[in-house]
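Quick note: the sequence shown uses numbering that gives the first Met the number 0, first residue 0, plus one each step.
Glycine is no exception: its CB is placed at the ideal position from the N, C-alpha and C atoms.
Below: the structure, in structure tokens.
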Amino acid sequence: MQKNVFSGGLGNYRRCWSFLDPFYSPGSDFIAMNNSFITELIVKQSAGEDIVLVTGQYEELFRTLFLAFGPVYEDQYPIMGNAKVMTIKVIWDFTLYWSGIALLFFRNKLCDLAFMQSAGTLLQ
């Protein structure tokens with residue numbers, strides 16, 4: 000993962016792809032999340048808003064989500080050869096995904112920093 004995803008305004012985004020695992024992870028989802036953050040930053044900046052604080056908040060949110068998903072996807076190859084275990088894991092992963100990050104994304108809450116901060120406080 001890049002040192003800073005959004006540092007320097009929007010300039011570093013072209014190099015910031017992050018995959019936890021290239022064979023079994025939501026890497027393209029992280030690209031979609033970052034595209035959403037970038038779009039929000041462009042809209043805010045075009046409206047004349049100062050995006051320095053928001054940029055840092057999106058950076059922190061991205062890193063938090065990326066690190067939170069790590070244990071779900073990292074070092075899972077040993078269990079992939081066990082059909083029974085992997086079946087349960089896939090169901091568990093889908094449950095986490097569709098009831099968590101996908102729900103936030105499709106309900107347009109991911110870029111709502113006030114909501115994400117309040118939800119984060121509840122989840123801690």
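Item: Start and end residues, alpha helix (DSSP H) containing residue 158; Value: A question about residue 158 goes unanswered here, because the residues of the chain that appear run from 0 up to 123.
Item: Three-way DSSP call (helix, strand, coil) for residue 75 in this model; Value: coil
Item: Integer-rounded CB distance, given that residue 44 should sit under 8 Å from residue 37; Value: Not quite, the Cβ-Cβ distance comes to about 10 Å (not below 8 Å), so this is no contact.
Item: N-terminal and C-terminal residue of the alpha helix (DSSP H) that residue 95 is part of; Value: 82 to 98
Item: Classification of residue 76 by the beta-carbon crowding that lies within 10 angstroms, buried from 16 upward; Value: exposed
Item: Buried/exposed call for residue 32, threshold 16 Cβ in 10 Å; Value: buried
Item: CA-to-CA distance, residue 46 to residue 86, given in whole angstroms; Value: 48 Å
Item: Reduced DSSP secondary structure (H/G/I, E/B, other) of residue 48; Value: coil
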